[in-house]
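Presented below is the structure to which this report refers.
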Amino acid sequence: MLYAFLCCHDEAVANSWTKEEDEAVLAKRHKVTEKLAAKGKLGPAVRLMPTTAATTVRMGGEPVVLDGPFAETKEALLGFYLIDCDSLEDAIETAKEIGRDEKVVFEIRPVKLFAPKGIAS
Amino acid sequence: MTTVGWIDPVLRSARPQAIGALLRYFRDLDQAEEAFQEACLRALKNWPVNGPPRDPVAWLILVGRNGALDDVRRRSKSTPLPADDAISDLDDAETDIAERLDSSHYRDDLLRLLFICCHPDLPAVQQIALALRVVSGLSVKEIARAFLVSEAAMEQRITRAKSRVARADVPFETPGAVERAERLGAVAAMIYLVFNEGYSASGGSAHVRTPLCEEAIRLARLLLTLFPGETEILGLTALLLLQHARAPARLDADGAIVLLDDQDRRLWDRDLIAEGLALIEKAVRHRRPGPYQVQAAIAGVHAHAASSKDTDWSEIDQLYATLERLQPSPVVTLNRAVALSKVQGPAAALAMIEPLAEALDGYFHFFGVKGGLLMQLGRANEARIAFDQAIALAHTPAEAAHIRLHLDRLIKESQPA
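Same order as they appear, the protein sequences are chains A and B. Read in order, the letters of the first sequence are residues 1 to 121 in the numbering used here. Read in order, the letters of the second sequence are residues 122 to 538 in the numbering used here.
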């Protein structure tokens, strides 16, 4: 089963990382994702810009365009991985491994449809 | 990062908002800082054992406040009772704690804290030092190094700044819309000062000043999180990101300044540029242009160009014309003249800056630009005079060295081959 690992982080903290700290986190994670890639289990990974770069479009009636993220929470969605896992247990273990020694929150969501090139009719 | 390495960035990022809130309780900068310090010590003991609290900022505020209240109570047993109004003040703080921690209070707390640091009574240097010390939590030593002064001198400067703002009596009530806008404007200017202090690095000390640029960006982002629809804060953040993106190309191996035209643009930080451009796009949608947005747009035009030759100079000329309207200043006109020289040639640009001679007679860049234009026109003697004047006004060795390069070129060209 393909799972999405939504990386939710306290954004103020992530913005406070020095370049070195940022690189250290990436390097640490890279060690884990490298192994997954070798097994052919790693899908695309996405790192999002800060929520200050986000725009929200709220539909229903007259569309409303708002500056900022959809939800004003401390922990914002900052990126995600797509990883092929054997089971939910496996996915949970993978999340623990990727996020070791960090204060990150992972939301694990099974993927319903994966279309890397988008969907054309 | 070690197992508890995550705590440091959490404390660092919580600092501005936590101190902002604590300042509201105690109405005293030193006391707010002490309470935060105390809370951090407890966090370092408590968090590795119990795990991180769900809302670290709220945790630090509550613990900092309670710790300080305990102190007050302890002291009150051995010393005469505090004045009635002081007690009632503290009691009030306890009753509506939940209400005080909601996001709109965070917003005004942080804005107030930043606003206090940029009080108009404070000279620019003290504003920057105070903000870096109190809001960012940089050590006196780090700040002293960035300003090339002794630690003792910086300590004194910060103490003086603190006592001055303590006397200034900034109101603690929730600000009205007009006041909030005024505070935002002053705070934006202060953040830009912090950035420029880091940006105007002279060669050797670049590494101690870079943190100032990064700190300014962090504060701008924080402000933008709290005021997401403020177009000028969008513009300011974009401007800082786009300028900072060029940092890796701004100094050569010897620490000399490399002008925009000559920079190796492959060294520019593409991530920062992409984010800056994204913020400009958001700001432009609002159709409320302002000086920061226009300056960011100018930086954005440069960021889009693969080289100086590929730059859309007429677009930059137009943007400077807009900036002249929004914020008339001889320095803006001087910058516009540089763009104009690329579009219409050095003669037109020289004509544009001639009326500025009086206003800018103490300004290094005026004589640098003037010398450059004269050089292009083949008026070598006049160019040399302008360059000499520029060197006399240079603030840093790197600035002077840069002008000397031009002078050397002039001398070389004037000698028969």
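Virtual Cβ for every residue (Gly too), placed ideally from N, Cα, C. Note that the coordinates shown come from a computational prediction; the quantities given were computed from them, not determined experimentally.
Among the options, the one whose alpha carbon lies nearest that of residue i
i: Phe157 (chain B); options: B:Pro169, B:Ala139 and B:His527; result: B:Ala139
i: Ala252 (chain B); options: B:Ala480, B:Val315, B:Ala265 and B:Ala395; result: B:Val315
i: Met311 (chain B); options: B:Gln497, B:Gln248, B:Glu276 and B:His423; result: B:Gln248
i: His423 (chain B); options: B:Leu380, B:Pro332 and B:Glu445; result: B:Leu380
i: Ala480 (chain B); options: B:Val464, B:Val452 and B:Ala298; result: B:Val452
i: Ala282 (chain B); options: B:Ala427, B:Cys238 and B:Phe508; result: B:Cys238
i: Asp22 (chain A); options: B:Phe147, B:Pro130 and B:Asp151; result: B:Pro130
i: Ala417 (chain B); options: B:Arg525, B:Ile354, B:Arg391 and B:Ala472; result: B:Ile354
i: Ala11 (chain A); options: B:Ser321, B:Gln439 and B:Arg342; result: With the sequence shown as reference, residue 11 (chain A) is identified as Glu, and Ala is not the correct amino acid for it. The option with the nearest alpha carbon to Glu11 (chain A) is B:Arg342.
i: Asp383 (chain B); options: B:Arg391, B:Arg446 and B:Leu372; result: B:Leu372
i: Ile338 (chain B); options: B:Gly350, B:Glu351, B:Ala366 and B:Thr352; result: B:Ala366
i: Val102 (chain A); options: A:Leu2, A:Met1, A:Cys7 and A:Tyr3; result: Looking at the sequence provided, one finds Glu at residue 102 (chain A) rather than Val. Nearest option by C-alpha distance: A:Cys7.
i: Arg530 (chain B); options: B:Ala519, B:Gln510, B:Pro518 and B:Gln497; result: B:Gln497
i: Ala370 (chain B); options: B:Thr358, B:Gly376, B:Leu388 and B:Gly356; result: B:Leu388
i: Gly499 (chain B); options: B:Leu471, B:Arg148 and B:His523; result: B:Leu471
i: Pro44 (chain A); options: A:Asn15, A:Ala54, A:Thr33 and A:Val57; result: A:Thr33
i: Pro349 (chain B); options: B:Thr295, B:Glu300 and B:His407; result: B:His407
i: Phe57 (chain A); options: A:Leu48, A:Arg29, A:Pro50 and A:Ala71; result: This sequence places Val at residue 57 (chain A); Phe is not what is there. Val57 (chain A) has its Cα closest to that of A:Ala71, out of A:Leu48, A:Arg29, A:Pro50 and A:Ala71.
i: Gln439 (chain B); options: B:Met275, B:Ile419 and B:Glu534; result: B:Ile419
i: Thr55 (chain A); options: A:Met49, A:Pro69 and A:Gly61; result: A:Pro69
i: Ala95 (chain A); options: A:Val111, A:Arg29, A:Gly40 and A:Pro116; result: A:Arg29
First and last residue of the uninterrupted alpha helix (DSSP H) at residue i
i: Leu357 (chain B); result: Thr352 to Ala366
i: Asp84 (chain A); result: Note, Asp84 (chain A): premise wrong, no alpha helix (DSSP H); beta strand (DSSP E) at Glu75 to Asp84.
i: Pro130 (chain B); result: Ile128 to Phe147
i: Arg304 (chain B); result: Ala298 to Tyr320
i: Val415 (chain B); result: Pro412 to His425
i: Arg406 (chain B); result: Arg391 to Arg406
i: Leu165 (chain B); result: Leu150 to Asn171
i: Arg387 (chain B); result: Careful: Arg387 (chain B) lies outside any alpha helix (DSSP H) and carries neither H nor E.
i: Glu503 (chain B); result: Ala501 to Leu514
i: Ala460 (chain B); result: Pro451 to Gln465
i: Lys491 (chain B); result: Phe485 to Gln497
i: Lys96 (chain A); result: Leu88 to Ile98
i: Gln247 (chain B); result: Ala245 to Leu251
Contact list for residue i against chain B, beta-carbon separation under 9 Å
i: Val13 (chain A); result: Trp127, Pro130, Val131, Arg133, Ser134, Ala135 and Pro177
i: Lys103 (chain A); result: Trp127, Ile128, Pro130, Val131, Pro173 and Pro177
i: Glu21 (chain A); result: Met122, Gly126, Asp129 and Pro130
Run of the beta strand (DSSP E) containing residue i, from where it starts to where it stops
i: Arg122 (chain A); result: Any property of residue 122 (chain A) remains undetermined from this structure, which presents chain A solely from 1 to 121.
i: Leu259 (chain B); result: Neither: Leu259 (chain B) is in no beta strand (DSSP E) and is coded neither H nor E.
i: Asp10 (chain A); result: Leu2 to Asp10
i: Ala45 (chain A); result: Leu42 to Arg47
i: Leu26 (chain A); result: That residue, Leu26 (chain A), is in no beta strand (DSSP E); its alpha helix (DSSP H) goes Lys19 to Ala38.
i: Val286 (chain B); result: From DSSP, Val286 (chain B) is part of no beta strand (DSSP E) but of the alpha helix (DSSP H) over Glu272 to Ala289.
i: Val379 (chain B); result: Taken as a continuous stretch (DSSP letters only), Val379 (chain B) belongs to no beta strand (DSSP E), as it is neither H nor E.
i: Asp433 (chain B); result: No beta strand (DSSP E) contains Asp433 (chain B), which DSSP labels as neither H nor E.
i: Arg58 (chain A); result: Thr55 to Arg58
i: Leu66 (chain A); result: Val64 to Asp67
Amino acids of chain A, ordered along the chain, whose beta-carbon sits closer than 9 Å to that of residue i
i: Glu396 (chain B); result: Met49, Pro50, Thr52 and Ala53
i: Ala472 (chain B); result: Result: empty, since nearest Cβ-Cβ is about 42 Å, beyond 9 Å.
i: Gly258 (chain B); result: Chain A residues near Gly258 (chain B): none, gap ~10 Å exceeds 9 Å.
i: Thr358 (chain B); result: Thr52
Beta-carbon neighbours of residue i, restricted to chain A and to distances below 8 Å
i: Lys403 (chain B); result: Ala53, Thr55 and Asp67
i: Arg342 (chain B); result: Asn15, Pro50 and Thr52
i: Pro169 (chain B); result: Ordered by position in chain A, no residue passes the 8 Å Cβ test against Pro169 (chain B), which lies about 12 Å from the chain.
i: Leu345 (chain B); result: Thr52
CB-CB length for residue i against residue j, believed under 8 Å
i: Val46 (chain A); j: Glu75 (chain A); result: Actually they do not touch by this definition, with Cβ atoms about 17 Å apart.
i: Val13 (chain A); j: Ser134 (chain B); result: 5 Å
i: Leu455 (chain B); j: Ile474 (chain B); result: 6 Å
i: Ala164 (chain B); j: Leu132 (chain B); result: 6 Å
Contact list for residue i against chain B, beta-carbon separation under 7 Å
i: Ser16 (chain A); result: Pro130, Arg133, Ser134 and Arg339
i: Lys74 (chain A); result: Asp176
Contacts of residue i in chain A (Cβ-Cβ under 7 Å)
i: Ala399 (chain B); result: Met49 and Ala53
i: Gly350 (chain B); result: Asp67
Proximity test, residue i beta-carbon vs the ligand ADP heavy atom, cut-off 8 Å
i: Ala24 (chain A); result: What this structure holds is no ligand at all, so the ligand ADP is not there to describe.
Given 8 Å, three or more beta-carbon pairs between the stretch 284 to 291 of chain B and the stretch 387 to 397 of chain B:
no
If you pair each beta-carbon of the stretch 57 to 74 of chain A with each one of the stretch 408 to 426 of chain B, do three or more pairs fall below 8 Å?
Not touching, per the Cβ criterion.
Is there contact between the stretch 134 to 148 of chain B and the stretch 171 to 191 of chain B, where contact requires at least three CB pairs shorter than 8 Å?
Output reads yes: the stretch 171 to 191 of chain B touches the stretch 134 to 148 of chain B.
Do the stretch 356 to 367 of chain B and the stretch 238 to 246 of chain B meet, that is, are 3 or more Cβ pairs less than 8 Å apart?
no
Would you check if there are 3 or more beta carbon pairs closer than 8 Å linking the stretch 484 to 492 of chain B to the stretch 502 to 519 of chain B?
By the criterion of at least three beta-carbon pairs nearer than 8 Å, the stretch 484 to 492 of chain B is in contact with the stretch 502 to 519 of chain B.
Taking three-plus beta-carbon pairs below 8 Å as touching, is the stretch 488 to 496 of chain B in contact with the stretch 458 to 468 of chain B?
yes
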